[in-house]
């Protein structure tokens, strides 16, 4: 039996993240300890990387409402209420990628921003709002890895050079001209083929995908839906439309939230797991969220600047 190699924690970002997790664990045991809050405040201010690591750790562990603002001295009743809501199973959308990952991204965008880039391989990249990608510069198989959000890759197929696209557990390779869409939102990875053909090299069957095909992984395994999408549906967000079919409400709200400043909190796990389909107008994102949750008894409230709460009636 081959043992895995020990994880290399020499990277300053990895060390900072480990330290942040340590603070999270201690705060969960005693969130009001003044010495601990003071130590956290000093640590966060000592290095910008510490602040990035803390925000990612707090986001992952659902502490953004409770301890994220510890350095401002004390934690407000409002903060504890929001923290309790999050720890109770709420999903927080609109945060964008973890900030440590954002710092490592080669290309990134902000709220409501859609940007075009030219990759070193000559492929075109369109990045959706609150999204981030890293460039894979492997000499034999260049490509990109979507860290969070949504992206469109236009592969030229020049000189028959392959191009690899990864989004979460999804992994495809184009060996000719292709247009591919992908997203990572609300715990769901999606990859669509808009034009051309790609293969799944990590799949023992090395399946070929063509236009209209969709790969999806919502945490329960990779699913292939043949001919699931009409032309342009998988990348319709570029035209301020989101087209979904039988998707989890949490994933849909998470994608729409990329057009909404601040945080969108989906406070009901049942609502988040409900299924929805339709075409949503991203030029009016709050109305789009309402349209996604209303069929299941959901409502949308702006309870503070940069804070939107989604609950059931």
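Residue numbers (full-length UniProt numbering): 1 to 313. Think of the CB as a built atom: it goes at the ideal place given N, C-alpha and C, for glycine as much as any other residue.
| said: Just to confirm, is the Cβ distance from residue 249 to residue 233 under 7 angstroms? | reply: no
| Cα-Cα separation between residue 147 and residue 105, rounded to whole angstroms | Roughly 8 angstroms between the two C-alpha positions.
| Three-way DSSP call (helix, strand, coil) for residue 114 in this model | Of the three classes helix, strand and coil, the one that applies to residue 114 here is coil, per DSSP.
| Touching by the beta-carbon criterion (3+ pairs, under 8 angstroms), the region 174 to 182 and the region 149 to 158 | yes
| Neighbourhood of residue 272 by C-beta, 6 angstroms cutoff - its chain only, sequence neighbours within 5 removed | 91, 249, 250, 266
| task | Report the three-state DSSP secondary structure of residue 75 (helix, strand or coil). | result | Note that residue 75 scores 38 on pLDDT, short of 50, meaning its location in the model is unreliable; the coordinates nonetheless yield the value given after this. DSSP places residue 75 in coil when its eight states are reduced to three.
| If we count Cβ pairs, one from each stretch, closer than 8 angstroms, do we get three or more for the region 275 to 290 versus the region 250 to 264? | yes
| said: Less than 7 angstroms between the C-beta atoms of residue 123 and residue 153, yes or no? | reply: In contact: residue 123 and residue 153 (Cβ atoms closer than 7 angstroms).
| request: Kindly indicate the opening and closing residues of the beta strand (DSSP E) around residue 307. | output: 307 to 312
| request: Return the chain-ordered list of same chain residues with a C-beta closer than 6 angstroms to the C-beta of residue 16, the five sequence neighbours on each side being excluded. | output: 49, 50, 53
| How many whole angstroms separate the CB atoms of residue 21 and residue 57, which I take to be in contact at a CB cut-off of 8 angstroms? | 5 angstroms
| message | To the nearest angstrom, how far is the alpha carbon of residue 46 from that of residue 207? | response | 50 angstroms
| Between the CA atoms of residue 35 and residue 226 - distance to the nearest angstrom | 57 angstroms
| Going along the chain, which unbroken runs of the beta strand (DSSP E) with 3 or more residues stay wholly within the UniProt domain "FecR protein" (106 to 199)? | 115 to 118, 124 to 127, 132 to 136, 143 to 155, 163 to 167, 170 to 185, 188 to 199
| field | Length of the line joining the Cα atoms of residue 9 and residue 281 | value | Interpretation of residue 9 is limited by its pLDDT of 43, a score under 50 that renders its predicted location unreliable; the figure taken from the coordinates is listed afterwards. Near 44 angstroms, if we compare the C-alpha coordinates of residue 281 and residue 9.
| field | Nearest neighbour of residue 162, chosen from 129, 131, 134, 201 [CA to CA] | value | 201
| said: Which same chain residues end up closer than 6 angstroms to residue 240 when comparing Cβ atoms and leaving out the 5 residues on each side of it in sequence? | reply: Around residue 240, the same chain offers 282, 283 as residues with beta carbons nearer than 6 angstroms, after the five sequence neighbours per side are excluded.
| DSSP state of residue 260, grouped into three classes? | coil
| Taking the continuous alpha helix (DSSP H) assigned at residue 44, which residues delimit it? | 34 to 46
| Below-7 angstroms beta-carbon distance, residue 184 vs any chain C residue | Among the chains of the structure shown, chain C does not appear; only one protein chain is present.
| message | Nearest by alpha-carbon distance to residue 128: which of 120, 255, 170, 165 is it? | response | Restricting attention to 120, 255, 170, 165, the CA atom closest to the CA of residue 128 is found in 255.
| With which residues is residue 280 paired in a DSSP beta bridge? | 242
| query | In whole angstroms, what is the alpha-carbon distance linking residue 313 and residue 299? | reply | Straight-line Cα distance between these residues: approximately 6 angstroms.
| request: Flag this pair as yes or no: are the beta carbons of residue 258 and residue 130 separated by less than 7 angstroms? | output: For residue 258 and residue 130, yes; Cβs fall inside 7 angstroms.
| field | Pairwise C-alpha distance: residue 137 and residue 294 | value | 44 angstroms
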